[in-house]
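Mapping the sequence shown onto the working numbering, position 151 (from 1) lands on 153, and the numbers just tick up by one.
For reference, the structure is listed below as structure tokens.
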Amino acid sequence: MAQTPDLGLADLRDAAAVASLSRRYIEAGLEPSWTVERVSRAIRHSDSTVLVARLGRELAGFAIMQFGDSTAHLSLLAVATGHRRRGLGRRLVGWLEDSAVTAGTFVIRLECRIGNQDAVRFYRAQGYRETGVVARYYQGVEDALRMERDLRRTTTAGS
Ligand SMILES: CC(C)(COP(=O)(O)OP(=O)(O)OC[C@H]1O[C@@H](n2cnc3c(N)ncnc32)[C@H](O)[C@@H]1OP(=O)(O)O)[C@@H](O)C(=O)NCCC(=O)NCCS
């Protein structure tokens with residue numbers, strides 16, 4: 003039976019692996035903007051949370067959320083290919099949503115590459131709805147789909 007990855011806060015030793023997963027799964031074809039230095043800043047900064055899913059020494063996935071006064075922004079999320087469709091993405095997002103609620107922040111926003119229909123379907127399944135398109139958001143070459151979930155509403159996709 004497949005083992006279940008443990009979720010926990012990243013430390014600075016995870017920054018290189020997180021940046022590598024981001025380059026591979028999120029920023030493919032773009033100039034990498036989430037460098038090791040930027041991920042390290044997010045790990046250190048109190049307004050952001052870098053969550054990792056560990057399976058032994060391997061990083062099976064990660065997510066980064068930045069907290070504002072009234073909204074939180076899900077900046078990055080990825081699950082390594084061999085670990086997909088086992089509920090890990092849902093667990094990572096759920097963990098961060100719970101932290102946002104604990105901090106009194108109920109609205110979560112994110113942008114997603116418009117061509118990434120798998121991610122759009124994933125976010126819809128977690129109760130996110132589309133709120134608009136931002137033209138050429140990604141380095142002037144790809145549009146972003148903006149999505150949002152208000153955690154005070156209990157409705158989920160399809161209901
Ligand atoms: C999007 C991503 C994080 C989902 O992670 P995951 O661990 O596979 O997702 P889960 O197993 O938690 O999926 C939960 C539900 O979301 C939906 N879902 C997930 N992936 C889906 C896909 N490829 N197509 C359709 N629906 C999908 C399903 O309803 C799924 O439930 P089910 O498996 O019981 O049908 C993962 O595919 C990924 O890392 N993709 C590359 C990076 C990326 O696109 N990141 C997001 C944009 S920043």
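Cβ coordinates follow ideal geometry from the N, Cα and C atoms, glycine included.
Remember, it's a predicted structure, so these values are computed and weren't measured experimentally.
With a cutoff of 7 Å, residue 81 counts as near ligand 1, since its C-beta is closer than that to a heavy atom of the ligand.
Taking C-beta atoms as the reference points, residue 98 and residue 53 count as a pair closer than 8 Å. Secondary structure note for residue 10: it is in no alpha helix (DSSP H), and the uninterrupted beta strand (DSSP E) holding it is 8-11. Under DSSP, residue 66 shares a beta bridge with 52, 78. Relative to ligand 1, the beta carbon of residue 153 is positioned no closer than 7 Å to any heavy atom. According to the DSSP assignment, residue 109 belongs to no alpha helix (DSSP H) but to the beta strand (DSSP E) extending over 109-115.
Counting C-beta pairs with one atom in each stretch, the segment 143-150 and the segment 109-127 have three or more that are closer than 8 Å, which means they touch.
When secondary structure is reduced to three states using DSSP, residue 134 falls in the strand class. One alpha carbon belongs to residue 26, the other to residue 51, and they sit about 21 Å apart. Considering only 89, 153, 78, the residue with the shortest C-alpha distance to residue 100 is 153.
The nearest non-hydrogen atom of ligand 1 is 7 Å or more from the C-beta of residue 134.
The count of Cβ pairs closer than 8 Å, one atom from the segment 101-110 and one from the segment 17-26, stays below three, leaving the stretches out of contact. Judged by the Cβ position, residue 130 fails to qualify as a neighbour of ligand 1 at the 7 Å threshold, every heavy atom of the ligand being at least this far. A distance below 8 Å between beta-carbons, with the five flanking residues on each side excluded, links residue 38 to the following residues of its chain, in chain order: 17, 18, 21. Of all alpha-carbon atoms in 10, 124, 134, the one lying nearest the alpha-carbon of residue 64 is that of 10.
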